[in-house]
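Here is the structure we will look at, set down as structure tokens.
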Amino acid sequence: MNKRHYSVKSFESNKFDELTRHINLFIYHELCEGQLIDIKYNIVPLSISTHKGTDVQCKIHCTALVIYKNLNKN
Numbered sequence: 001m002n003k004r005h006y007s008v009k010s011f012e013s014n015k016f017d018e019l020t021r022h023i024n025l026f027i028y029h030e031l032c033e034g035q036l037i038d039i040k041y042n043i044v045p046l047s048i049s050t051h052k053g054t055d056v057q058c059k060i061h062c063t064a065l066v067i068y069k070n071l072n073k074n
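What follows is the structure, given as structure tokens:
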């Protein structure tokens, strides 16, 4: 029976674009082709405002889990 080994790397940030940049760097520099399985994102608002101005940004907390095949055969 073949055992499959998976790993998970977590990321977090208060800016979505910063979060995706870190994930992209990890995928590009650390993973081989075919190793990536899935990415799960979660974005939680930290404050809610009824102000509709264009300069108002909602404070958020972003997390992501990158699930990938572990190539190490430990």
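Per my numbering, the sequence shown starts with residue 1, numbered consecutively.
Glycine included, every Cβ here is placed at the ideal spot set by N, Cα and C.
On a predicted model such as this, the values are computed, not experimentally measured, just so you know.
Selected residue, minimal CA-CA separation from residue i, among the options
| i | options | result |
| --- | --- | --- |
| Ile67 | Arg4, Lys3, Lys9 | Lys9 |
| Ile43 | Leu31, Thr63, Tyr6, Glu18 | Thr63 |
| Leu46 | Lys3, Lys15, Leu25 | Lys15 |
| Lys40 | Lys3, Ile60, Leu19, Lys59 | Leu19 |
| Asn72 | Cys32, Asn24, Ile60, Leu25 | Cys32 |
| Arg4 | Ile37, Leu25, Asp17 | Ile37 |
First through last residue of the beta strand (DSSP E) which encompasses residue i
| i | result |
| --- | --- |
| Thr42 | Correcting the residue identity first, residue 42 is Asn in this sequence and not Thr. 36 to 45 is the extent of the beta strand (DSSP E) around Asn42. |
| Cys62 | 60 to 69 |
| Lys9 | 6 to 13 |
DSSP-derived helix/strand/coil call for residue i
| i | result |
| --- | --- |
| Leu25 | helix |
| Glu18 | helix |
| Glu30 | helix |
Cβ-Cβ separation, residue j to residue i (assumed contact under 8 Å), whole Å
| i | j | result |
| --- | --- | --- |
| Tyr28 | Asn70 | That pair is no contact at about 18 Å. |
Own chain partners of residue i with C-beta closer than 8 Å, once the 5 adjacent residues on each side are dropped
| i | result |
| --- | --- |
| His22 | Phe11, Ser13 |
| Gly76 | An answer regarding residue 76 cannot be provided, because it is not within the stretch 1 to 74 covered by the chain. |
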